Every structure is written in C-alpha cells, then in structure tokens.
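Comments concern the structure below.
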Amino acid sequence: MKLGFSFDQSLCTGCKACSVACKDKNDLPVGISWRRVVEYSGGSWQQAGDTFTPNVFSYYTSISCNHCEDPICVRVCPTTAMTQGPDGVVSVDADKCVGCRYCEWACPYSAPQFDPASGHMTKCDLCADYRADGQDPACVAACPSRALGWGPIDELRADLGDLAGVEPLPDPAITRPRLVITPHRDAQPTGTGTGAIANPEEL
Amino acid sequence: MNTEELPMIIFTVLAQMSVGAFVVLGVVQVVAARRFGAAAVDKVTDPALYAIGPALVAGLAASMLHMNDVTNTLNVVRHLGTSWLSAEIVCGIAFAGLGFVFAAAQWFKWATPTWRRVLAAVTALVGIALVASMSMIYYTLVTVPAWHTWATPVQFFTTTFLLGTLAVGAALTGTVMWRTHHRTTADAHDAASAGATVPTTDLLASCLRGLGIAAVVLLGVEFLIIPLSITTLTATGGVAAESATVFTGAWFIARLTLVFAGAGLLAAFVLRYATTRTNPRTLAILTATAFVLVLASELIGRSLFYDSMTRIGM
Chain A
3 MKLGFSFDQS LCTGCKACSV ACKDKNDLPV GISWRRVVEY SGGSWQQAGD
53 TFTPNVFSYY TSISCNHCED PICVRVCPTT AMTQGPDGVV SVDADKCVGC
103 RYCEWACPYS APQFDPASGH MTKCDLCADY RADGQDPACV AACPSRALGW
153 GPIDELRADL GDLAGVEPLP DPAITRPRLV ITPHRDAQPT GTGTGAIANP
203 EEL
Chain B
82 MNTEELPMII FTVLAQMSVG AFVVLGVVQV VAARRFGAAA VDKVTDPALY
132 AIGPALVAGL AASMLHMNDV TNTLNVVRHL GTSWLSAEIV CGIAFAGLGF
182 VFAAAQWFKW ATPTWRRVLA AVTALVGIAL VASMSMIYYT LVTVPAWHTW
232 ATPVQFFTTT FLLGTLAVGA ALTGTVMWRT HHRTTADAHD AASAGATVPT
282 TDLLASCLRG LGIAAVVLLG VEFLIIPLSI TTLTATGGVA AESATVFTGA
332 WFIARLTLVF AGAGLLAAFV LRYATTRTNP RTLAILTATA FVLVLASELI
382 GRSLFYDSMT RIGM
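Chains as they are written, first to last, in our numbering: chain A, 3 to 205; chain B, 82 to 395.
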C-alpha cells in the first residue's frame with residue numbers, strides 16, 4: 003500500500019494554512035518550507051466589437067514532496083541517505099546525508115530542501131510520527147476547505163482520477179508523483195500554460 | 082559569474098585537466114619513444130607526470146568544500162550502483178591511487194617498462210571513466226535541460242584534452258628550461274658525453290608541434306560545440322531557452338576571447354616556433370601563457386555552466 007496526497011484546486015482559497023501548519027509542526031526555520039502554495043495566474047482581456055471582456059484567471063496548488071513512484075532524489079543521492087520506505091514515503095536520514103545538494107538539483111518539485119544550520123537536506127515524510135499515532139498529516143488536518151487529502155494512492159486515484167500534470171507543475175512522467183489533482187475550472191495542462199507563477203518569493 | 086559552486090568549478094576543471102594531461106603524456110611517451118628512445122622521453126616527461134598529482138589532489142581537496150557535512154564523507158560511495166556521483170568519487174579515488182602508484186613506479190623504476198605501460202594504460206582508462214561519470218552526473222538530470230544535452234559530455238571531454246594538452250606543453254617546456262638553467266655538473270657531463278642535448282631539443286620541438294596542432298584542433302571543436310549547444314537550447318524553448326541567456330554578456334565574451342587567444346593564437350605560434358626551432362625561452366613563455374589563458378577560460382566556462390542550472394518545475 004503506497005501513500006500519496008490528493009488536492010482539490012477548486013476548493014483551495016490560497017490561505018496557506020497547510021504551509022504554516024507544516025512549518026509549525028516540524029519547527030522549520032525561515033527559508034525552509036516543505037509544503038508551499040503556488041499561485042498560478044494569467045490572462046488579459048478580449049475584444050468583441052466595442053466590448054472589452056477580461057479573461058484573467060488565478061488558481062492555487064498546494065505542493066510538497068509527492069513521494070514519487072520514480073523518485074529521482076533517491077536515485078541520484080550518493081550516500082543512500084534518501085530512501086523510499088515500503089509505504090512509498092521518501093525520507094532523508096541526516097546521519098548519512100553529506101549535504102551535497104544533488105537531490106535538490108534533481109527534484110522538479112523542490113521537495114528536498116537544504117538546512118544550512120545542520121548541513122543536511124530536509125524534507126516532508128508525510129508526518130510519519132502523526133501517522134504512527136493514527137493522526138492525519140499536519141497539512142491535511144489544517145486545511146480549512148478540505149482541499150488536501152492523503153491515503154493509499156490506489157484508492158485516491160480510483161476515487162478522484164489520476165491527473166497530476168497541471169501548470170505550473172512539471173510533466174508527471176518525469177518522476178510519476180503520487181499525487182491526485184482535482185483541477186480548477188481554469189487549470190491548464192502542464193506544458194501548455196499561458197500564465198505565470200505569481201508568488202515566486204514564497205516558494 | 083557563479084561563485085556558489087566554486088569548489089565544484091575548481092574540482093571539475095582540475096580533475097579533467099589531470100586526466101587530460103595523463104592521457105596526453107601517455108600518447109607523447111608512446112609516440113616519441115619510438116623515435117627518441119624511452120629513456121630520453123622519460124627524462125623530459127617525468128616531471129610533467131609528477132606535476133599531475135598535486136593538481137589532482139588540489140581538485141579533490143576543493144571538492145570536499147562542496148560537502149556541507151564532512152563527517153559523513155565516507156557515505157558518498159554507498160550508492161555506486163545508481164548514483165553517478167558515487168561513481169565519480171570512486172573513479173576519482175581510483176585515478177589518484179593508480180596515478181600515485183604509476184608515478185612511484187616511474188620514480189623508483191619498479192617493474193619492467195612494459196608493466197609500467199600497462200599500469201599507465203589502466204590509469205588512463207580509469208581517468209576517462211572519471212570524466213565520463215563526471216559528465217553523467219549532469220547529463221542524467223532530466224530536470225535540468227541545459228545539462229541534459231549531448232553538449233555536456235562533449236564539452237567535458239574537450240576541456241579535458243585541451244587543458245591537458247596545454248598543461249603538458251607548459252610542463253615540458255618548463256622542464257627543459259629549468260634543466261638548461263640548473264643543469265648539474267654530472268648532467269652536463271652526461272649530456273656532453275652522450276650528445277643528449279640535441280635529441281632533447283628535437284624531442285621538445287617534436288612534442289610541441291604535436292601539442293600545438295592538437296590544441297588548435299580542439300579549439301575548433303570547442304568553437305563548434307558552443308554555438309551549436311546554445312542554438313539547441315534556444316530552439317528547445319521554455320526553461321532551456323531561459324538557461325541559454327547565461328551564455329551572453331561580458332563573462333561569456335571573456336571566456337571565448339581567452340580560449341581563442343590561448344588555444345588559437347598562442348598554440349599556432351608554439352607550432353611555428355617549434356618548427357623553426359627558435360629561442361626555447363620564447364617557446365616556454367608562449368606555452369605557459371597559452372595554458373594560463375585557457376585555464377582561466379575553462380574556469381569561467383565552467384562557472385557559466387553552473388549558472389545555466391535552471392530546473393524544470395517549481
């Protein structure tokens with residue numbers, strides 16, 4: 003049974019409670035955010051005769067490590083510090099990590115993040131301790147609109163489909179993320195986007 | 082100009098130069114020994130061989146600064162089956178170790194010349210594997226379009242042989258110049274009695290002609306690769322095109338100018354002076370200057386390479 007996340011873009015308001023809950027639970031310093039909320043927006047206006055109609059759009063995607071089926075970070079790590087457990091969760095062992103940051107170069111979701119204080123990589127482990135206690139991961143529990151979910155990825159895909167390629171996320175074929183997205187009405191498929199990330203400073 | 086990755090810039094360039102110099106020295110020894118004899122060739126090339134070790138050690142020392150927790154350094158070889166970074170480190174250690182054994186064997190004249198050549202060939206192959214694994218670290222990152230291109234291994238190997246060629250040229254002329262000015266009484270006696278000065282001069286001229294031609298050819302390869310790879314990136318669009326913008330501006334122009342001046346103009350002069358057997362001091366200055374200019378150019382080029390790291394995704 004492999005675990006993954008689900009995310010409903012149509013429900014997300016971009017409040018970032020998930021991101022803050024993750025930082026709080028894991029006591030993450032400034033500069034490290036295992037879960038981030040990206041705002042993708044675009045559009046301008048259309049002219050029909052003398053009428054100008056705006057077609058602007060904006061939607062949010064809450065993203066963390068997707069505990070991928072083909073985790074490139076695990077493959078490239080020279081130390082075996084980055085490993086994938088039997089439940090599919092990718093975690094990093096600080097006792098092995100040398101802080102070379104090769105996984106950081108490789109991951110298209112910026113999941114492994116470097117902590118200058120310890121000299122090691124850090125990342126989401128889907129709140130392993132909370133799960134062991136029968137609780138939801140902090141980000142899922144904190145979401146006020148119930149946009150975030152988690153569970154066995156097969157069940158999530160059976161219920162919600164298998165879409166994971168939405169702008170501004172990368173092509174899911176690269177790492178095959180265990181992530182299911184329910185798209186926003188204005189969502190654009192990966193690689194065909196006409197918008198841009200509106201909050202790069204927050205990522 | 083990227084300075085964050087300075088340890089990797091220094092390591093990759095110095096390690097590639099060391100491999101290139103070792104391979105080029107091997108070619109010089111094999112080719113020149115037929116005409117001038119192994120003993121005469123060893124006398125000119127051995128100091129260059131011994132200079133490779135410190136350069137490689139300096140590169141490996143710089144690479145340690147790339148690691149943010151040196152207490153876990155030994156772990157970097159644990160993922161040999163999958164990680165090209167592990168492969169690079171194993172190959173780097175093996176190349177340094179085999180090179181040290183070969184240098185010791187040359188110094189103390191251990192084993193027969195044939196066995197020493199076998200050891201040199203194995204060391205050279207491990208060196209080639211080192212450069213190959215080094216390039217695969219970047220090439221296999223499908224998430225970085227500027228690195229995931231044929232240009233990465235081709236450029237790494239071009240740097241390897243271009244810098245190696247000019248380093249050997251500088252070392253050979255330096256050795257001969259040093260010996261000319263600091264020749265001991267015994268050496269002078271030996272040289273006079275065996276008439277060794279003329280073969281040494283011929284040997285140096287012959288080697289420099291070959292090295293000059295190689296440098297000019299490799300410069301041509303580099304000047305072919307650079308525009309082709311930039312054009313490919315630009316044509317790909319998206320993140321790749323974004324990466325290509327790094328290859329503009331003053332540092333890129335400086336990189337091209339230096340490599341052209343070093344490997345093109347100066348190597349052509351080395352070729353000419355070596356052919357006409359002009360003043361060896363002029364040759365020494367030319368080869369040393371060419372080497373320094375190309376080394377500076379390759380360091381800038383590698384810095385731009387790291388600057389071009391723009392990743393797919395977010």
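Just so it is clear, CB atoms sit at the ideal spot from N, CA and C, and this is done for glycine as well. Predicted model only: the values in this text are computed from it and were never measured.
Quick check on residue i - is its C-beta less than 8 Å from some C-beta in chain B?
| i | result |
| --- | --- |
| residue 178 (chain A) | no |
| residue 112 (chain A) | yes |
| residue 154 (chain A) | no |
| residue 172 (chain A) | yes |
| residue 82 (chain A) | yes |
| residue 104 (chain A) | yes |
| residue 108 (chain A) | yes |
| residue 100 (chain A) | yes |
| residue 77 (chain A) | yes |
| residue 69 (chain A) | no |
| residue 30 (chain A) | no |
| residue 39 (chain A) | no |
DSSP three-state call for residue i: helix, strand or coil?
| i | result |
| --- | --- |
| residue 203 (chain A) | helix |
| residue 185 (chain A) | coil |
| residue 276 (chain B) | Because residue 276 (chain B) carries a pLDDT of 45, less than 50, the predicted location of this residue cannot be relied on, and no value is offered for it. |
| residue 48 (chain A) | strand |
| residue 192 (chain B) | coil |
| residue 349 (chain B) | helix |
| residue 169 (chain B) | helix |
| residue 266 (chain B) | Unreliable positioning characterises residue 266 (chain B) in this predicted model, as indicated by a pLDDT of 48, which lies under 50. The coordinate reading is nonetheless provided below. Helix, per DSSP. |
| residue 356 (chain B) | helix |
| residue 152 (chain A) | strand |
| residue 35 (chain A) | coil |
| residue 3 (chain A) | coil |
| residue 53 (chain A) | strand |
| residue 124 (chain A) | strand |
| residue 157 (chain A) | helix |
| residue 198 (chain A) | strand |
| residue 179 (chain A) | coil |
Where does the unbroken alpha helix (DSSP H) through residue i begin, and where does it stop?
| i | result |
| --- | --- |
| residue 396 (chain B) | Here chain B comprises residues numbered 82 to 395, so residue 396 (chain B) is not present and cannot be evaluated. |
| residue 222 (chain B) | Residue 222 (chain B) -> no alpha helix (DSSP H), and no H or E assigned at all. |
| residue 332 (chain B) | 331-340 |
| residue 133 (chain A) | 130-134 |
| residue 141 (chain A) | 140-144 |
| residue 324 (chain B) | 319-325 |
| residue 173 (chain A) | From DSSP, residue 173 (chain A) is part of no alpha helix (DSSP H); its letter is neither H nor E. |
Is the CB of residue i under 8 Å away from at least one CB in chain A?
| i | result |
| --- | --- |
| residue 383 (chain B) | no |
| residue 170 (chain B) | yes |
| residue 141 (chain B) | no |
| residue 164 (chain B) | yes |
| residue 51 (chain B) | No answer is possible for residue 51 (chain B): the residues shown for chain B start at 82 and end at 395. |
| residue 318 (chain B) | no |
| residue 83 (chain B) | no |
| residue 258 (chain B) | no |
| residue 215 (chain B) | no |
| residue 150 (chain B) | yes |
When the Cα atoms are used, what is the spatial distance from residue i to residue j?
| i | j | result |
| --- | --- | --- |
| residue 291 (chain B) | residue 122 (chain A) | 48 Å |
| residue 352 (chain B) | residue 297 (chain B) | 10 Å |
| residue 177 (chain A) | residue 393 (chain B) | 12 Å |
| residue 272 (chain B) | residue 78 (chain A) | Confidence in residue 272 (chain B) is poor, its pLDDT being 49 and thus under 50, which makes the residue's placement unreliable; the coordinate value appears in the next sentence. Going from the Cα of residue 272 (chain B) to the Cα of residue 78 (chain A) covers about 56 Å. |
| residue 99 (chain B) | residue 182 (chain A) | 49 Å |
| residue 116 (chain A) | residue 164 (chain A) | 30 Å |
| residue 94 (chain B) | residue 195 (chain B) | 31 Å |
| residue 328 (chain B) | residue 313 (chain B) | 13 Å |
| residue 274 (chain B) | residue 356 (chain B) | With a pLDDT of 48 at residue 274 (chain B), under the threshold of 50, the predicted position of this residue should be treated as unreliable, though the coordinate-derived value follows. Approximately 27 Å, taken between the alpha carbons. |
| residue 293 (chain B) | residue 348 (chain B) | 5 Å |
| residue 116 (chain B) | residue 316 (chain B) | 50 Å |
| residue 73 (chain A) | residue 98 (chain A) | 18 Å |
| residue 111 (chain A) | residue 125 (chain A) | 11 Å |
| residue 190 (chain B) | residue 321 (chain B) | 52 Å |
| residue 8 (chain A) | residue 138 (chain A) | 13 Å |
| residue 362 (chain B) | residue 395 (chain B) | 56 Å |
| residue 134 (chain B) | residue 97 (chain B) | 13 Å |
| residue 157 (chain B) | residue 47 (chain A) | 54 Å |
| residue 237 (chain B) | residue 204 (chain B) | 18 Å |
| residue 144 (chain A) | residue 108 (chain A) | 29 Å |
| residue 378 (chain B) | residue 281 (chain B) | 31 Å |
At which residues does the beta strand (DSSP E) containing residue i begin and terminate?
| i | result |
| --- | --- |
| residue 54 (chain B) | Within the shown structure, residues of chain B are numbered from 82 to 395, placing residue 54 (chain B) beyond reach of any answer. |
| residue 13 (chain A) | Per DSSP, residue 13 (chain A) belongs to no beta strand (DSSP E) and is neither H nor E. |
Please tell me whether, using a cut-off of 7 Å, the distance from the CB of residue i to the nearest non-hydrogen atom of the ligand FAD is below it.
| i | result |
| --- | --- |
| residue 261 (chain B) | Among the ligands in the structure shown, none appear at all, so the ligand FAD cannot be discussed. |
Counting only runs of 4+ residues fully inside the stretch 56-118 of chain A, write out the alpha helix (DSSP H) ranges in chain order. 74-78, 104-108
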